[in-house]
Amino acid sequence: MNRILLLFLFVSFSYSITHAKDVGIKSAPHWITRVGYVSDISDEKNGGYQYLLLDFQDNLIEQSRYRHYAIGIHNSKGIQSMSDIDVSFDPSYQRLDFHSIRIIREGEVIEKLKETDIQVIQREKNHERSLYDGSLTAIVNMTDVRAGDIIEYSYTLTGFNPIKQGNYSKIIYHQYSLPVVQIYNRIVTSPGRPLYYKLLDGAAEPEITQSNEYVEYAWNNNNPDLLLYEDNTPSWFAAGKRVTLSTYRNWQGVIESALPLYEIEPHENDKLKYPDLGESTKEERILRLIELIQDDIRYLGMESGIGAYKPHAPSQVYNQRYGDCKDKSLLLVALLRREGIQAFPLLINTKLNHKVEELMPGYNAFDHCIVNFQYDGKEYFVDPTISGQGGNLESICSPGYKRGLLLKPGETGLISIPDKGISELNIEEDIYVESIGGKARFIVKSEYIGRKADNIRSYFWSQSRESIQKEYLEYYSYLYPGIKKAGEIKIMDDEKSTSNRILVEETYEIDDFWQEQDDGSYIYCESYALVLESEIDYPKSPERNMPYSTGEVRSFSQITRIHMPESWRVDDEEVTIEGDGFTYHSETSYGDQTVIFTHRYDVTKEYIVADSVASFLTKHEQITDELGLYLTYQDLSGFKISWGSILLALLTLGGGIFLAVRIYSRYDPERSPGFNEYPIGSWLVLPAIGFIISPFVILYQIFNESYFNMNTWTGLLHANSDKELSLFLLGGFEFIYNLLLLVLMGLILFLFFRRRTSAPRIITIYLAVTLIVSVVDLIWVESAAPGLLPSDDKMDLYKGIGQNFARAALWIPVFNVSQRVKETFSKKYNNT
Numbered sequence: 000m001n002r003i004l005l006l007f008l009f010v011s012f013s014y015s016i017t018h019a020k021d022v023g024i025k026s027a028p029h030w031i032t033r034v035g036y037v038s039d040i041s042d043e044k045n046g047g048y049q050y051l052l053l054d055f056q057d058n059l060i061e062q063s064r065y066r067h068y069a070i071g072i073h074n075s076k077g078i079q080s081m082s083d084i085d086v087s088f089d090p091s092y093q094r095l096d097f098h099s100i101r102i103i104r105e106g107e108v109i110e111k112l113k114e115t116d117i118q119v120i121q122r123e124k125n126h127e128r129s130l131y132d133g134s135l136t137a138i139v140n141m142t143d144v145r146a147g148d149i150i151e152y153s154y155t156l157t158g159f160n161p162i163k164q165g166n167y168s169k170i171i172y173h174q175y176s177l178p179v180v181q182i183y184n185r186i187v188t189s190p191g192r193p194l195y196y197k198l199l200d201g202a203a204e205p206e207i208t209q210s211n212e213y214v215e216y217a218w219n220n221n222n223p224d225l226l227l228y229e230d231n232t233p234s235w236f237a238a239g240k241r242v243t244l245s246t247y248r249n250w251q252g253v254i255e256s257a258l259p260l261y262e263i264e265p266h267e268n269d270k271l272k273y274p275d276l277g278e279s280t281k282e283e284r285i286l287r288l289i290e291l292i293q294d295d296i297r298y299l300g301m302e303s304g305i306g307a308y309k310p311h312a313p314s315q316v317y318n319q320r321y322g323d324c325k326d327k328s329l330l331l332v333a334l335l336r337r338e339g340i341q342a343f344p345l346l347i348n349t350k351l352n353h354k355v356e357e358l359m360p361g362y363n364a365f366d367h368c369i370v371n372f373q374y375d376g377k378e379y380f381v382d383p384t385i386s387g388q389g390g391n392l393e394s395i396c397s398p399g400y401k402r403g404l405l406l407k408p409g410e411t412g413l414i415s416i417p418d419k420g421i422s423e424l425n426i427e428e429d430i431y432v433e434s435i436g437g438k439a440r441f442i443v444k445s446e447y448i449g450r451k452a453d454n455i456r457s458y459f460w461s462q463s464r465e466s467i468q469k470e471y472l473e474y475y476s477y478l479y480p481g482i483k484k485a486g487e488i489k490i491m492d493d494e495k496s497t498s499n500r501i502l503v504e505e506t507y508e509i510d511d512f513w514q515e516q517d518d519g520s521y522i523y524c525e526s527y528a529l530v531l532e533s534e535i536d537y538p539k540s541p542e543r544n545m546p547y548s549t550g551e552v553r554s555f556s557q558i559t560r561i562h563m564p565e566s567w568r569v570d571d572e573e574v575t576i577e578g579d580g581f582t583y584h585s586e587t588s589y590g591d592q593t594v595i596f597t598h599r600y601d602v603t604k605e606y607i608v609a610d611s612v613a614s615f616l617t618k619h620e621q622i623t624d625e626l627g628l629y630l631t632y633q634d635l636s637g638f639k640i641s642w643g644s645i646l647l648a649l650l651t652l653g654g655g656i657f658l659a660v661r662i663y664s665r666y667d668p669e670r671s672p673g674f675n676e677y678p679i680g681s682w683l684v685l686p687a688i689g690f691i692i693s694p695f696v697i698l699y700q701i702f703n704e705s706y707f708n709m710n711t712w713t714g715l716l717h718a719n720s721d722k723e724l725s726l727f728l729l730g731g732f733e734f735i736y737n738l739l740l741l742v743l744m745g746l747i748l749f750l751f752f753r754r755r756t757s758a759p760r761i762i763t764i765y766l767a768v769t770l771i772v773s774v775v776d777l778i779w780v781e782s783a784a785p786g787l788l789p790s791d792d793k794m795d796l797y798k799g800i801g802q803n804f805a806r807a808a809l810w811i812p813v814f815n816v817s818q819r820v821k822e823t824f825s826k827k828y829n830n831t
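Heads up, the sequence shown is in numbering that gives the first Met the number 0, so the first residue is 0 and it goes up one at a time.
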């Protein structure tokens with residue numbers, strides 16, 4: 000047999016033999032009140048099992064706790080969950096006695112206690128947290144449990160922790176998140192030891208019975224409402240009817256009871272070896288002592304019996320190089336006092352935080368210990384269990400514990416703990432694109448400040464560089480599947496003892512930075528704020544009634560620069576989204592062949608009220624929509640015939656020619672009387688030359704603008720503008736205009752050289768239309784895509800408008816008032 004298995008069996012057997020005297024079987028104690036229960040378990044809507052009775056009775060006089068359970072089993076899941084009974088106890092001061100274990104099946108009672116072996120083992124439930132309390136667990140494995148059975152058992156734990164000197168505090172819950180039919184609570188105390196209590200969230204007053212020998216407080220709750228907590232509630236939030244009670248009237252009594260436990264014996268100064276801090280300032284020595292306790296004294300708690308409340312001697316903790324929170328705190332207090340610093344232990348509750356003040360005073364109100372000290376007129380709070388913490392006295396972070404009990408003579412109540420320190424993450428990403436469609440180089444620089452630095456430092460200390468590199472690479476592979484390492488990850492922690500900043504630099508190559516659209520019409524690249532996405536990944540929560548946790552107050556910023564190999568068009572854009580507890584702002588801009596994409600996200604509250612949650616989640620969905628940036632590119636260098644353009648040209652030319660023929664034959668103004676007929680000559684030769692050249696210029700423009708190339712229209716539809724349709728329509732307008740202008744020039748040539756009376760007016764219309772269209776064209780371009788035209792092209796448009804204006808200003812008056820024009824253009828349609 001395996002030697003380790005043999006050792007385990009030996010140890011388990013040893014515990015069973017050694018501690019058999021701590022577990023017994025006897026009748027129920029005389030002081031309890033017998034409580035019956037409803038044995039109907041026909042309702043199976045509550046899952047595999049249901050508590051029919053929770054019976055909790057405590058006797059402060061005899062220092063005993065009586066527990067009585069009745070559980071209805073509905074199905075096989077209930078059998079699996081409830082067939083093992085386990086009870087934990089501390090053998091250093093407690094004794095466990097079972098009174099009954101039985102099964103009620105169809106009204107018949109089946110006794111199980113005498114025929115069942117009670118195994119006693121040591122299983123440290125807090126082993127993962129490096130805490131060992133020395134408690135034992137008595138396990139009873141019940142046989143022949145069936146659906147429809149009622150499991151009923153009771154036991155008593157005798158003995159209170161002697162360190163409490165008979166003091167007592169507790170929270171009684173009148174509602175649970177598991178289905179319960181009846182909850183009975185009873186506390187018995189002596190008349191000379193009053194019990195103080197506080198009712199929370201609608202809890203009922205107790206039924207108080209008093210005699211010469213005892214006073215009892217009892218609560219009997221039948222069919223209490225099921226208490227279900229909503230997702231993502233703050234750790235301090237407690238709902239449901241409950242009672243907090245204690246033998247302490249106020250916090251001063253707890254302080255006075257705890258002070259002797261944390262007293263440092265005079266001989267400790269001789270026994271405690273003082274660390275060599277070298278030549279340094281007072282502040283540097285304080286920081287070195289904090290670092291020593293946090294990093295060199297490992298966290299390990301041996302909390303059996305009085306060790307759960309009384310710290311070990313500082314010299315012992317220092318020599319053994321381990322201790323729990325109170326051990327490390329008292330050691331730091333001792334060392335700081337050696338430096339002449341006023342330092343004291345501070346008890347806090349890591350879950351309830353500020354809500355600890357709702358509880359009645361007592362030891363059970365706290366689960367952690369830190370240190371408070373004063374230096375140079377300022378007050379500081381340090382948690383000696385946080386390893387890897389950085390910063391100087393001004394920047395070192397103190398967790399948001401909110402309220403605590405300072406173990407200092409003269410203190411009378413809880414004190415406030417300021418939430419000191421920042422939590423900030425700033426990311427810079429630079430993407431150097433080698434070529435359009437080619438690979439890219441990806442450099443990421445992350446700056447962690449304050450709590451973020453403490454957290455990431457702890458992660459770096461616990462992982463190898465190889466595993467960190469692998470994890471980071473896998474993280475970015477969700478966005479860039481072809482990413483690969485291009486350099487070793489660099490972790491720079493040079494400012495740990497000052498500003499508490501950590502810089503991390505990563506370098507990657509992305510072979511597939513560009514992706515092809517499914518239909519092959521274009522390629523695109525992408526940037527996405529992956530880290531910010533994880534920062535705002537809040538759980539969904541419809542119909543909220545409870546407060547909603549937003550995490551710690553923190554700041555996040557990211558700037559992504561995509562360095563393109565050529566000029567790129569990106570519209571400047573800003574987005575701001577604000578709500579209860581947060582602000583978000585993003586900007587997109589372009590400059591010097593670089594697309595710049597920035598994000599700023601700040602959490603300003605640790606939680607929000609229920610009424611704000613729906614809006615909070617909706618706005619964070621909007622933020623998620625802003626995290627990505629897509630840049631598209633189409634190769635429009637080739638020629639692909641546009642049959643649509645050909646069809647449009649045929650229709651436009653056909654319609655224009657039809658209209659021109661109608662004008663030629665039907666528009667026939669009368670000639671001016673009394674004038675001689677002259678041939679075309681003199682200065683009229685100048686416009687004649689222009690009219691002859693114009694059709695060739697227009698044809699050149701039509702083919703030079705590539706209207707018959709499908710890529711031209713595709714480029715307009717996918718221009719880097721939010722008005723691509725307007726640009727597309729503008730291109731269509733210019734195409735149709737040039738075609739109609741070509742027909743109009745043909746009509747003008749016919750009318751001009753036939754010296755028709757209609758020629759001057761048609762020429763006037765032509766000159767006015769060309770001027771108006773050139774102005775409309777410029778306005779349309781600027782409104783559809785401001786800044787799209789290069790400065791040279793825009794200057795050409797302004798020159799064109801100027802030329803058209805000058806031509807119209809010169810020739811329109813000439814063709815309408817000149818006598819030579821009237822004498823030259825004197826032919827009518829019938830006599831040409």
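Backbone N, C-alpha and C define an ideal beta-carbon position, used for all residues, glycine too.
Quick caveat: nothing in here was measured; it's all calculated off a predicted structure.
Whole-angstrom distance between residue j and residue i, CA atom to CA atom
| i | j | result |
| --- | --- | --- |
| L472 | C396 | 30 Å |
| V10 | P480 | Only weak support is given to the placement of V10: the predicted model assigns it a pLDDT of 40, under 50, and the question is left unresolved by the model. |
| S210 | P190 | 8 Å |
| E378 | L226 | 41 Å |
| P541 | T617 | 11 Å |
| E338 | L406 | 19 Å |
| G420 | N58 | 46 Å |
| D375 | R336 | 14 Å |
| L4 | A452 | Any reading at L4 must be qualified, since the residue scores a pLDDT of 36, below 50, and its modelled position is unreliable; no value is offered. |
| S129 | I289 | Its pLDDT being 49, under 50, S129 is placed unreliably in this model, and the value from its coordinates should be taken loosely. If I take the Cα positions, the gap works out to 21 Å. |
Of the listed residues the options, nearest to residue i (C-alpha basis)
| i | options | result |
| --- | --- | --- |
| I103 | K354, N371 and Y36 | Y36 |
| A528 | R500, Q557, D510 and D511 | Q557 |
| T763 | V813, E255, G277 and L276 | V813 |
| I170 | R241, Q516 and L743 | R241 |
| I747 | K793, G689, Q802 and D795 | G689 |
| A202 | Q174, V214 and E229 | Q174 |
| E356 | P310, S725, S415 and G390 | S415 |
| N184 | D200, E204, E105 and V530 | E204 |
Sheet register partners of residue i (DSSP bridge)
| i | result |
| --- | --- |
| Y507 | F441 and K484 |
| V820 | DSSP lists no partner for V820. |
| Y68 | L53 and Y152 |
| W218 | N184 |
| F555 | L424 and Y600 |
| A137 | V86 and V119 |
| S63 | N58 and T157 |
| L628 | S526 |
| N244 | According to the sequence provided, residue 244 is Leu. The question's Asn does not apply to it. Paired residue(s): K169 and Y196. |
| V594 | I561 and Y589 |
| S548 | Y606 |
Exposure of residue i, with buried meaning 16 or more beta-carbon neighbours within 10 Å
| i | result |
| --- | --- |
| T756 | buried |
| L108 | With the sequence shown as reference, residue 108 is identified as Val, and Leu is not the correct amino acid for it. Flag for V108 reads exposed. |
| V775 | exposed |
| H126 | Below a pLDDT of 50, predicted positions are generally treated as unreliable, and H126, at 48, falls in that range; the measurement from the model is reported next regardless. With fewer than 16 other Cβ atoms within 10 Å, it is exposed. |
| H266 | exposed |
| K270 | exposed |
| T76 | Reading off the sequence shown, one finds Lys at residue 76, where the question assumed Thr. When all chains shown are included, K76 counts as exposed. |
| V660 | exposed |
Cutoff 8 Å: residue i Cβ touching any chain C Cβ
| i | result |
| --- | --- |
| R753 | Note that chain C does not occur in the displayed structure, where there is just one protein chain. |
Proximity test, residue i beta-carbon vs the ligand MN heavy atom, cut-off 7 Å
| i | result |
| --- | --- |
| H584 | Among the components modelled here there is no ligand, and therefore nothing to report on the ligand MN. |
For this session: Could I get the ranges of all uninterrupted alpha helix (DSSP H) runs contained in the region 272-350, with 4 residues as the minimum, in chain order?
Result: 281-290, 313-319 and 324-337
For this session: Could you tell me which uninterrupted beta strand (DSSP E) segments, each at least 3 residues in length, are contained entirely in the region 348-419, listed from first to last along the chain?
Result: The region 348-419 contains these whole beta strand (DSSP E) runs: 367-374, 377-381 and 402-405.
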